[in-house]
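A.B. asks: For the protein sequence lines, the chains are A and B, in the order given. Going by the numbering used here, the first sequence opens with residue 8, and the numbers climb by one from there. Going by the numbering used here, the second sequence opens with residue 198, and the numbers climb by one from there. Once you've had a glance at the structure underneath, I'll fire off some questions.
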Amino acid sequence: MENSIDLLNALVLISNYVLIPSLSYGSQLAIGAVGVTLVFGILRFANFAHGELMGFGCTATIFFTWWFQSMGISHSFFPTALFAMPFAVLLTILLVLAIDRSVFRFYRLNKSRPVIFVVASVGVMFMLNGLVRMLIGTDEIIFRDGQKFLIKAGQFKKMTGLNEGLALKQTQVLTVVLAVVAVFLLFWFLQRTRTGKAMRAYSDNEDLALLSGISTERVVMVTWIIAASLATIAGVLYGLDKSFKPIVYFHLLLPIFASAIVGGIGQPIGAILGGYIVAFSEIITTYAFKKFITYLVPANFAPEGLGQLLSTEYKFAVSFLILVLVLLVRPTGIFRGRVL
Amino acid sequence: MTNKNRAFLSFSIMGLMLMIVGFGQSWNVAMAIFNMCLISAVMSMGLNMQWGYAGLFNAGVMASTAIGGLTAVLVSYSPVMKAWSEGGTSLSLAFIFLLITIAMGLLVWKKIKNGPIRTWSMTVVVLTGYVFMRIYYDEARVAIEAVEPAKTGFLGGLGLPIIFSWIAGGFAAAGLAWLVGRISLGLRSDYFAIATLGISEIMISILKNEDWLARGVKNVTGLDRPVPYEVDLQKQEWFINLVKRFYNTAEDGSSISSDMLREAVMLSAGVYVKICYSGLFLAVLLIVLFFATRALNSPWGRMMRAIRDNETAASAMGKDVTSRHRQVFIIGSAVIGIAGAMLTTLDGQFTPGSYIPLRFTFLIWVMVIIGGSGNNLGAIIGAFITWFVWIEAEPVALWLVSHVNLLLDETNPLRSHLQEVAPHMRMVLMGLILVLVLRFRPKGILPEKAPDHY
C-alpha cells in the first residue's frame, strides 16, 4: 500500500513538473516550427525573422486585449486575449504580406541564392525587433485574465489525499487544445483542398508544379498567411503561458529551428513531433529528479545530489545539442525531410 | 567613380562625421566611437573572410568574440592560488576523465562495426564517463566557487600583460572554430547558419553559468590595461604641461586659470587614453588588413573566390571544398577572436551577460553587407558607418522626439512613450539599411574588385 501511494506520488510529481509543462511548451514550439518548416518547404530558406514575428503577433494581441478590456469586453473564464487573437492574426498577416512584397518578392523573381533570402530575413528580424520594442517597450507584460487554474495544487491534494499536488493552468490546456485544432485544420487544408495540394506539390517539386499551372505567387501568399497565423498563435500561447517579454522571442528561434530540423525540414508532421521532442528533452534534462527518485527507491538509497543532468540555465543549449545529434546521426531528420 | 576614389571619399566623409561629433558633442564621445569602430572593423574583416571570400554564412560571430574576451581574462588576471589548491586536483581529474571518455568513445567508434553493439558500448562509455566526470567536476566547482565568492571564486588567469591575450584570443577562437567546423561545415548555407548560431548560444550559456571559469554573470572587473590610467595621468607633470601648451596656443598666449586647467586636464586625460587605445587598435587593424589583402590577391584568394562562386567546378578542379572552407572559417574566426580580446581589453571587464547575437553577430553582418562583401576596405568602412549609426541613432532619435514633443500637449501620454522608445529606433534603422543595401546595392558601398587579369 505504502509503495503504491509512493508510486502515485511520483507519477503526480512528474506530471506536474515535467509532463504538463513539456506538453504545453512542446505545443508552442510545434506551432512555431510548422511555420518555419512551411516557409522552408515553399520559399526554401530558413526564416530568421520567425521568432520576432511571433513577438509581433503577441504584441498586436496585447494591444487588442487592452482595447477590449477598456471597452469592458472580457470573459470570466477564458482570457480576453483569446478573442483578441483573430484580429492580431489578421494584422500579422497583413504585415507579413507587406514584408514579402517589399523584401522577399524581389529575390524570388530574381531567383537569388537561398542565403540572400536568409540575409534579408536577418534585416527583417532587426526591423521587427525594433518595431515590437517601439510599440510596447521592453518590460515584462502579463496579459492573462480569466480563470488561472483549472485544478489547483492544494485542491488536488485535498481531493486525492496525496502528498504531491497537481496544478493545471488554464493556459496549458488551452495551448494543447488550440495546437490540436490548428494542426488538424492545417492538415485538412494541406491534404484536402486544392490550394493545399498545390502547396505540397510545389514543395516537392517546383518545376513540375509550375508545369501543371500552379502559380508561385499564390502558393507563396498562402504559405505566408499560414505561417503568420501560426506564428501569432504560438507567440500568444507562449506569452499567455509564461509572460510577454520581447527578448524571449529571439531566444525561441533556436528551439524552433531545432524542432523543424529534428522532425525533417519541410515536413509539417515532423515539425510537430520535433517540437515535443525538443520540449521534453529540454525539461527532462534540466529537471531535478531527486524527489522523484526518493519516492521510488527505498529510503536509504535516496540520492544525495539534485539528480539533475544539467543546470536549468542550459535549457536552451539542450535544444541545440539535440540538433547536433540529429545532424550527425540522421541529417534528414526523423521524417526524411530535405537533405541540407 | 573608381573604387579607389570611392574608398577615399567614404573614409573622408566618415572622418568628417567623427569630427562633427568631436566638436559638437565631445572628443571623448568621438574617440570612444572611433575605438569601437576600429574593433568592429577587425571583426567585420574576419567575417568578410568567411562570407566575402568563401561564402560561408557564419551566424556564430559572437562565439569567437566571447572566447576572445574569455582569453583576455584568462591571460591577464592574476592566478587565484587558493582556488587552484582547493579545487585544482579534482578539476584536473574531471578533465582527465573527459579525455579518457573521448578517447574510449573514439576507440569504440573505430573498432566496432556499426550496429547495436556499437550503440550500446557507446552508451555505456558515455554514461560511465559522465558519472565519473560529474563527481570530480561537482567537487571542484563547489571548492573553487567557495574561495572568496564576492571577490574571486574562480581560478583566475596567468597574470600576464593583457596585450598577449590578443594573440592568445586569436588562437583560442581558431581552436573553437576548428571544433565548430568539424560539426557544421559541409551543411547547406542556412543549416550552417543555424548550427553556428546555436553553438554560439551554447558558448554564451557556458560562460554565464560556469562560475569557476570566469565568474559567470558575476563578471570579472578591473582587468589589466595596456595604457595608462586617467587618474595617474592627471597627476603627471609632463601631461599637465602638455595640456597647458595645447590650450595656451589655442588661445591668445595668456595662461589659463587653474580651475579651467584642472578641468581641461581631466577631459584630456580621457581623450589621451582613448588615443593610446586607438593607436594599438589601428596597428592591429593595419596588420590584419595587410595580410587580408595579400591573401585575397594571392592564388589562395582566387581559389577561395572560385570555390565561393562555383563549388562544383572548384571541386572538379581538384580543390577540397570542405577543408578549404574549414581553413577560411578558422582564419576568419581567429581574426574575430583577436577583436573580441581587444573589446574586453577596452572595456576593462568581462561581462558574459552582455553578449547577445543581435549586437555581436548580426550587427557585424550588417557591417559586412553594407560595406561590400569580398572587399576588405569595404568591410572596414561598413564597420565604421554601422557603428556610427548604431551609436548616434539614439541621440538623433531623442533630438527628433524632443522636437515632435514640442507639438504635443504636456499631458499627452504619447510624449513619454516616444521618449522611451526612441533608443529602439536604431534596430529598425539597421534592419532598414540592411534590406535597402541588399536590394539596391547588393555589392555594398565598396564593391568587390574584379580581378585585373580577366
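By construction, the Cβ of each residue, glycine as well, lies at the ideal position given by its N, Cα and C atoms.
So, does the CB of residue 327 of chain A fall closer than 8 Å to a CB anywhere in chain B?
C.D. replies: One-based indexing of the first sequence puts residue 327 of chain A at position 320. Residue 327 of chain A belongs to the set of residues whose beta carbon lies under 8 Å from a beta carbon in chain B.
A.B. asks: Should residue 57 of chain A be labelled buried (16 or more other beta-carbon atoms within 10 Å of its own) or exposed?
C.D. replies: On the first sequence, position 50 is the one that residue 57 of chain A refers to. Residue 57 of chain A comes out buried.
A.B. asks: Who are the Cβ neighbours of residue 393 of chain B in its own chain at under 7 Å, not counting the five residues just before and after it?
C.D. replies: Taking the second sequence and counting its residues from 1, one reaches residue 393 of chain B at position 196. For residue 393 of chain B, where only same-chain residues beyond five positions count, the Cβ hits under 7 Å are 255, 256, 257, 377 and 381.
A.B. asks: Contact criterion: CB-CB distance below 8 Å. Does residue 209 of chain B meet it with respect to chain A?
C.D. replies: For the purposes of this step, residue 209 of chain B is taken as the residue at position 12 of the second sequence. Answer no: the Cβ-Cβ gap between residue 209 of chain B and chain A never drops below 8 Å.
A.B. asks: Does the CB of residue 535 of chain B have a neighbour CB from chain A at under 8 Å?
C.D. replies: Here residue 535 of chain B refers to the residue found at position 338 of the second sequence. By this cut-off, residue 535 of chain B is not an interface position.
A.B. asks: Just to confirm the assignment: which complete alpha helix (DSSP H) runs, minimum length 4, are found wholly within the stretch 433-512 of chain B?
C.D. replies: Taking only runs of at least 4 residues, the alpha helix (DSSP H) segments lying wholly in the stretch 433-512 of chain B are 434-447, 455-494 and 496-506.
A.B. asks: Would you please verify whether the beta carbon of residue 429 of chain B is less than 8 Å from any beta carbon of chain A?
C.D. replies: By 1-based counting over the second sequence, the position of residue 429 of chain B is 232. For residue 429 of chain B, the answer is no, since every Cβ of chain A falls outside 8 Å of its Cβ.
A.B. asks: For residue 121 of chain A, decide whether its Cβ has a neighbour in chain B, counting only Cβ atoms nearer than 8 Å.
C.D. replies: As a working note, residue 121 of chain A is residue 114 in the first sequence. With 8 Å as the cut-off, residue 121 of chain A counts as an interface residue toward chain B.
A.B. asks: Can you list, in chain order, the residues of the stretch 372-400 of chain B whose Cβ is nearer than 8 Å to any Cβ on chain D?
C.D. replies: Among the chains of the structure shown, chain D does not appear; the protein chains present are A and B.
A.B. asks: What does residue 562 of chain B touch in chain A if you count any residue whose Cβ is under 8 Å from its own?
C.D. replies: For the purposes of this step, residue 562 of chain B is identified with residue 365 of the second sequence, where counting begins at 1. 126 and 129, listed in chain order.
A.B. asks: Residues in the same chain with beta-carbon distance under 7 Å from residue 519 of chain B, minus the five sequence neighbours each way, listed in chain order, please.
C.D. replies: Your numbering for residue 519 of chain B matches position 322 in the second sequence. Same-chain partners within the cutoff: 382 and 383.
A.B. asks: Ignore the nearest five residues each way along the sequence and tell me which others in residue 37 of chain A's own chain have a CB closer than 7 Å to its CB.
C.D. replies: Here residue 37 of chain A refers to the residue found at position 30 of the first sequence. Excluding sequence neighbours, residue 37 of chain A sits near 186, 266, 278, 279, 282 and 283.
A.B. asks: Using CA coordinates, which residue listed in A/40, A/291, A/144 and A/218 is at the minimum distance from residue 617 of chain B?
C.D. replies: Position 420 of the second sequence holds residue 617 of chain B. It is A/144 whose Cα lies nearest to the Cα of residue 617 of chain B.
A.B. asks: Counting only C-beta atoms, is residue 599 of chain B closer than 8 Å to chain A at any point?
C.D. replies: Position 402 of the second sequence, counted from the first residue, corresponds to residue 599 of chain B. So no, residue 599 of chain B is outside the interface.
A.B. asks: Using beta carbons (cut-off 8 Å, strictly below), is residue 96 of chain A in contact with chain B?
C.D. replies: In the first sequence, residue 96 of chain A corresponds to position 89, counting from 1. Chain B contact via Cβ: absent.
A.B. asks: What are the start and end residues of the beta strand (DSSP E) that includes residue 158 of chain A?
C.D. replies: Looking up residue 158 of chain A in the first sequence gives position 151. Counting along the chain, the beta strand (DSSP E) containing residue 158 of chain A begins and ends at 156-158.
A.B. asks: Consult DSSP for residue 424 of chain B and reduce its assignment to one of helix, strand or coil.
C.D. replies: Within the second sequence, residue 424 of chain B is the residue found at index 227, counting from 1. Of the three classes helix, strand and coil, the one that applies to residue 424 of chain B here is coil, per DSSP.
A.B. asks: Quick check on the DSSP output: the alpha helix (DSSP H) that includes residue 228 of chain A runs from which residue to which?
C.D. replies: Here residue 228 of chain A is taken as the residue at index 221 of the first sequence, counted from 1. Residue 228 of chain A -> alpha helix (DSSP H) spans 223-248.
A.B. asks: By the three-class DSSP mapping on this structure, what secondary structure does residue 651 of chain B have?
C.D. replies: Within the second sequence, the letter at position 454 stands for residue 651 of chain B. For residue 651 of chain B, the pLDDT reaches just 45, beneath the cut-off of 50, and the residue's location in the model is therefore unreliable, although a value from the coordinates is still provided. Residue 651 of chain B falls in the coil class under three-state DSSP.
A.B. asks: Using the beta-carbon count (16 or more within 10 Å), is residue 522 of chain B buried or exposed?
C.D. replies: One-based indexing of the second sequence puts residue 522 of chain B at position 325. The residue is buried, with at least 16 neighbouring Cβ atoms inside 10 Å.
A.B. asks: So who's on the other strand from residue 148 of chain A, going by DSSP bridges?
C.D. replies: Residue mapping note: residue 148 of chain A aligns to position 141 of the first sequence, counting from 1. DSSP output for residue 148 of chain A lists A/251 as bridge partner(s).
A.B. asks: In three-state DSSP terms, what is residue 417 of chain B?
C.D. replies: Locating residue 417 of chain B in the second sequence gives position 220, counting from the first residue. Three-state DSSP puts residue 417 of chain B in a strand.
A.B. asks: Can you find the residues in the same chain that come closer than 6 Å, C-beta to C-beta, to residue 375 of chain B, ignoring five residues on each side of it along the sequence?
C.D. replies: The count along the second sequence starts at 1 and reaches residue 375 of chain B at position 178. Closer than 6 Å at Cβ, skipping near neighbours: 527.
A.B. asks: For residue 627 of chain B, which residues in chain A fall below 7 Å Cβ to Cβ?
C.D. replies: To locate residue 627 of chain B, count along the second sequence from 1; it is residue 430. In chain order: 133.
A.B. asks: Does any CB atom of chain A fall closer than 8 Å to the CB of residue 559 of chain B?
C.D. replies: Counting from 1 along the second sequence, the entry for residue 559 of chain B is found at position 362. By this cut-off, residue 559 of chain B is an interface position.
A.B. asks: Spatial neighbours of residue 302 of chain B within its chain, please: CB distance less than 6 Å, with the 5 preceding and 5 following residues excluded, ordered by chain position.
C.D. replies: Locating residue 302 of chain B in the second sequence gives position 105, counting from the first residue. Result list for residue 302 of chain B: 322, in chain order.
A.B. asks: Our contact map puts residue 259 of chain B next to residue 401 of chain B with C-beta atoms below 8 Å; I'd like the distance itself, whole angstroms only.
C.D. replies: For this step, residue 259 of chain B is matched to residue 62 along the second sequence. For this step, residue 401 of chain B is matched to residue 204 along the second sequence. Going by Cβ atoms, the distance from residue 259 of chain B to residue 401 of chain B rounds to 7 Å, so yes, they are a contact pair.
A.B. asks: Could you name the residues of the same chain whose beta carbon sits closer than 8 Å to that of residue 411 of chain B, not counting the 5 residues immediately before and after it, in chain order?
C.D. replies: As a first step, residue 411 of chain B must be located in the second sequence, where it is residue number 214. Around residue 411 of chain B: 267, 270, 271, 351, 404, 417, 547 and 549.
A.B. asks: Please report the Cβ distance between residue 240 of chain B and residue 561 of chain B, rounded to the nearest whole angstrom; I am assuming they are in contact, meaning their Cβ atoms lie under 8 Å.
C.D. replies: The count along the second sequence starts at 1 and reaches residue 240 of chain B at position 43. The count along the second sequence starts at 1 and reaches residue 561 of chain B at position 364. That pair is a contact at about 5 Å.
A.B. asks: Please say whether residue 298 of chain B and residue 330 of chain B have beta carbons closer to each other than 8 Å?
C.D. replies: Sequence index remark: in the second sequence, residue 330 of chain B carries index 133 (1-based). Sequence index remark: in the second sequence, residue 298 of chain B carries index 101 (1-based). In contact: residue 330 of chain B and residue 298 of chain B (Cβ atoms closer than 8 Å).
A.B. asks: Nearest CA to the CA of residue 54 of chain A: which residue from B/391, B/365 and B/231?
C.D. replies: Walking along the first sequence from the start, residue 54 of chain A turns up at place 47. Closest option to residue 54 of chain A, Cα to Cα, is B/391.
A.B. asks: Compare the C-alpha of residue 176 of chain A against each of A/102, A/141 and A/152 and name the closest.
C.D. replies: As a working mapping, residue 176 of chain A is identified with position 169 in the first sequence. For residue 176 of chain A, the nearest C-alpha among the options comes from A/152.
A.B. asks: Taking the alpha-carbon positions, what's the residue 155 of chain A to residue 85 of chain A distance?
C.D. replies: Residue numbering aside, residue 155 of chain A sits at position 148 when the first sequence is read from its first letter. Residue numbering aside, residue 85 of chain A sits at position 78 when the first sequence is read from its first letter. Straight-line Cα distance between these residues: approximately 9 Å.
A.B. asks: What residues are listed by DSSP as bridge partners for residue 547 of chain B?
C.D. replies: Residue numbering aside, residue 547 of chain B sits at position 350 when the second sequence is read from its first letter. Residue 547 of chain B pairs with B/417.
A.B. asks: Please go through the same chain and pick out, in chain order, the residues whose beta-carbon is closer than 7 Å to the beta-carbon of residue 612 of chain B, but skip the five residues on each side of it.
C.D. replies: As a first step, residue 612 of chain B must be located in the second sequence, where it is residue number 415. Within the same chain, residue 612 of chain B has close Cβ partners 602 and 605.
A.B. asks: Is residue 208 of chain B helix, strand or coil when you go by DSSP?
C.D. replies: Residue 208 of chain B sits at position 11 when you count from the first residue of the second sequence. In the structure shown, residue 208 of chain B sits in a helix (DSSP, three-state: H, G or I).
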